[in-house]
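Residue numbers (UniProt numbering): 1 to 256. We put the beta carbon where it would ideally sit given N, CA and C, even for glycine. Just so you know, these numbers come straight off a predicted model, no measurement behind them. Heads up, the thing below is written out as structure tokens.
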């Protein structure tokens with residue numbers, strides 16, 4: 001276990017919480033040289049995600065250059081991956097003032113005189129969707145680079161990557177991709193977390209399309225008894241009336 005690598009991994013921005021969790025897990029297993037060899041199943045169990053999701057995130061981390069993966073054969077001929085973490089470029093040095101002295105970064109109670117009067121926080125620039133397309137939307141055919149504000153771009157990028165590399169069925173035009181986005185938003189609305197879950201479900205199940213979560217479908221299939229329309233004098237009850245022959249017989253005095 002390398003505390004230094006774990007701290008470095010926590011500072012890396014990878015654009016996805018689950019992907020970052022996998023990176024931190026690898027750092028937690030690594031020695032001081034950044035080498036580890038946990039199995040996919042072990043990572044999946046510790047990170048509480050499917051094995052397929054772990055494999056996908058590791059492939060993306062390798063593509064980002066944060067890890068290197070090589071395969072080795074065990075004594076019984078079985079294969080396992082060896083991971084080399086490449087996090088040396090992450091800057092862990094605390095910020096310094098103009099005199100070159102390190103600024104105190106520990107937490108102190110308000111009354112503690114050691115608490116710095118002001119610490120310059122790093123400015124987080126807003127995400128430019130056109131730049132995001134280059135990083136996480138590889139293969140997108142949206143010509144103008146404009147995506148709906150409520151779209152989870154990270155999740156959509158994973159869906160594009162899955163269709164292209166696993167299904168070999170990339171969207172063929174700007175129009176067809178926009179139809180796919182509309183379908184996702186029609187199912188999940190602007191809920192970014194739900195969009196991610198829907199895409200994860202399709203990828204984990206090897207589906208070729210996007211569908212409501214299984215729990216959603218079950219809830220939509222049930223109708224509560226409290227939804228029965230209350231009785232009203234103006235209610236159309238013609239469909240509940242007795243047959244014509246029965247009403248004519250009643251008018252004649254019932255059974256004869």
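Item, Value
"Along the chain, where does the alpha helix (DSSP H) containing residue 21 start, and where does it finish?", "17-29"
"Using only the alpha-carbon positions, how far apart do residue 212 and residue 18 sit?", "21 Å"
"Name the residue from 152, 180 and 31 whose alpha carbon lies nearest to the alpha carbon of residue 191.", "152"
"Using only CA atoms, which one of 162, 168, 163 and 174 lies nearest to residue 145?", "174"
"Can you have a look at residue 60 and say buried or exposed, based on whether 16 or more other CB atoms are within 10 angstroms of its CB?", "buried"
"For the alpha helix (DSSP H) that residue 156 lies in, which residues bound it at each end?", "153-162"
"In or out: residue 11 buried (at least 16 other Cβ within 10 Å) or exposed?", "exposed"
"Three or more C-beta pairs under 8 Å: does that hold for the region 47-55 against the region 2-10?", "no"
"DSSP state of residue 281, grouped into three classes?", "Within the shown structure, residues of the chain are numbered from 1 to 256, placing residue 281 beyond reach of any answer."
"Start and end of the alpha helix (DSSP H) containing residue 194?", "192-204"
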